[in-house]
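See below for the structure under consideration.
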Amino acid sequence: MADPSQPLKVGLDLTFQGRISRQVLCGYLSRAMVISDCTAKALTLDDDLRMILNTGAKYIARSGGAWDPTRAYVESIGQQKAAIDRLHRSDDNLICEACIFEHVSPAVNDIRIPTWVLEAFDMPLEERHFSYKSMSPWWGPFRDHFGRGLSVPDIRRVETRMFFYYLACEHIDAGYEGLHLGQVHLTGTRDGTWEYWTEVVDKIRGHAAERSRRNHVLINAHTFGIIDTHGKLMFDFHAHPVRGRAPNGSFPHVASEEAPQEIVPGVGLGKNYLYLNHRDSIFTHSLGGTSPSGWDCARLPYLVELDNWNGYAPRLLDRPSYGEEISWWGFDEISWFANQPKWYRAQWLENTVKWIRTIDPVGHLEMPGRRTAAIRQEDGTILQTEYSASITSGSGDEEFIRNIWMRS
């Protein structure tokens, strides 16, 4: 059971079964933290669990999943159950999230298709493996989108739908109660009515209703919102990068203790004026409708995260960004955060939480626990490594997070 000393808001309700209420959902989102590979690799599970209990995190984002699912990875999913079970023995309210991304490679050719997957899609029962060729587009920008042999799978293809369903079910059976489906507007670019994504999500929910711990799985994706073919919101909540820009008047410089590289979560005409019209910003733009659990909302609750992509862009490094680029001072969002002085990281987290609560209370900031980041070293070189908030093995930022949650 949960430790009563955890910094939880008094009366926070985290109980659900079969469906999830808006109140319970927002309770989880208000205590969301990304700890990449927490249960997928479980290399630092002891310290991750200590940080989870110390901060009071309840929704562990990107705990499982693989950018490039291989045979070795899918064979490890069942083994991840032991790590999830251990977390649940310490706090049975925890939700671990697995990711299924918008990326496939020829590695899928080594993964056998189980009979139950073929049956779910009324396909001929035959011994065969998944086919990269049958998932990836023949032409266009999504073929080799991430490099040669690294493509965005097309959700219109039954092979893609079977693969996503297979990954989702395997993770659900291992104990994951959250699924992040990545950039569905890439995989679903040609799914005009969203019928193919609706089919996959329906099948995943059907599996979760029978097999998951609380008979429901929280599904999200990078989107402002999608209405499925049933006329309901496709996802339990939405997710998106924070997005932001430097204040007007900023000048190029390397972040230092005295001069952080400032970012505001919106378009600013000055340091004290925030606006919501940043391109690709979800603030106040989350689509409303009827949720998968049946309740109506003007705007569906959502998470914003300090996202990662390529770490940094050399041509933009240490230059202020005003919204014309998605990078922040030449870094991706989490790398920017990791390179700022500690006092500014604490200030930025607290101010951003307050700002979101003021301008769009259905939004929540996903706290940074651990994530891939490009971090500048003492000699000035930039190393692709990991940012960690741990007080024992990382930056120590977990204390800021705990204090913010203690006050909210």
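Residue numbers are given in this note's numbering: position 57 of the sequence shown equals residue 209, and the series is strictly consecutive. The beta carbon of each residue, even a glycine, is placed where N, CA and C say it ideally should be.
Asked                                                                                                      : Found
Counterpart residues of A250 in DSSP-defined beta bridges                                                  : G216 and L331
C-alpha gap between P444 and N367, whole angstroms                                                         : 13 Å
Unbroken beta strand (DSSP E) run spanning G179, endpoints                                                 : Per DSSP, G179 belongs to no beta strand (DSSP E); it is in the alpha helix (DSSP H), R174 to L181.
Straight-line Cα distance separating A407 from S487                                                        : 12 Å
Opening and closing residue of the beta strand (DSSP E) in which G521 lies                                 : M519 to R528
S487 (DSSP reduced to helix, strand or coil)                                                               : helix
Rounded C-alpha distance that separates S288 from S257                                                     : 9 Å
Residues bridged to Q169 (per DSSP)                                                                        : R171
Supposed close pair G217, A184 - CB separation, criterion 8 Å                                              : 16 Å between Cβ atoms; not a contact.
Exposure label - G420; buried when at least 16 CB within 10 Å                                              : Residue placement at G420 is poorly supported in this model, since its pLDDT is 33, which falls under 50; the coordinates still yield a value, given next. Buried, since its Cβ has 16 or more Cβ neighbours within 10 Å.
Simplified DSSP state of D448, which is helix, strand or coil                                              : strand
Limits of the beta strand (DSSP E) - the one that I263 falls within                                        : No beta strand (DSSP E) holds I263; DSSP gives it neither H nor E.
Whether S303 touches F294 by CB criterion (8 Å)                                                            : yes
C-beta atoms of L458 and E485 nearer than 8 Å                                                              : yes
Buried versus exposed, by CB contacts within 10 Å (16 or more), R363                                       : exposed
S188 and R523 closer than 8 Å at C-beta                                                                    : yes
Unbroken beta strand (DSSP E) run spanning S540, endpoints                                                 : I534 to S540
S433 burial status per 10 Å Cβ neighbour count (16 or more: buried)                                        : buried
From E477, D470 and P393, residue whose alpha carbon lies closest to that of G532                          : D470
Burial state of W495 (16 or more Cβ within 10 Å)                                                           : exposed
For R280, the nearest candidate out of P266, G292 and A490 (CA to CA)                                      : P266
For N424, the three-state DSSP class (helix, strand or coil)                                               : Because the pLDDT at N424 is just 35, under 50, the model does not fix this residue reliably, and the value given afterwards should be weighed accordingly. Here N424 sits in coil by DSSP.
Sheet register partners of V456 (DSSP bridge)                                                              : H392 and L517
Helix, strand or coil at H359 [DSSP, three-state]                                                          : helix
Assigned exposure category for M558 - 16 Cβ within 10 Å defines buried                                     : exposed
Counted within 10 angstroms of its Cβ, other Cβ atoms place N429 as buried (16 or more) or exposed         : Annotation note: pLDDT 48 at N429 (below 50); position unreliable, coordinate value reported separately. So N429 counts as exposed.
Alpha-carbon spacing of H323 relative to H337, whole angstroms                                             : 22 Å
Residues near H390 by beta carbon distance below 7 Å, same chain, minus five either side                   : N372, T375, F376, G377, I434, S438, L452 and Y454
N503 (DSSP reduced to helix, strand or coil)                                                               : helix
Backbone CA spacing between D296 and F483 [nearest angstrom]                                               : 24 Å
Nearest residue (CA-CA) to N206, options R171, S242 and S228                                               : S242
G529, buried or exposed, once every other Cβ within 10 Å from all chains shown has been counted against 16 : Note on identity: in this sequence residue 529 is Gln, with Gly being the wrong assignment. So Q529 ends up on the exposed side.
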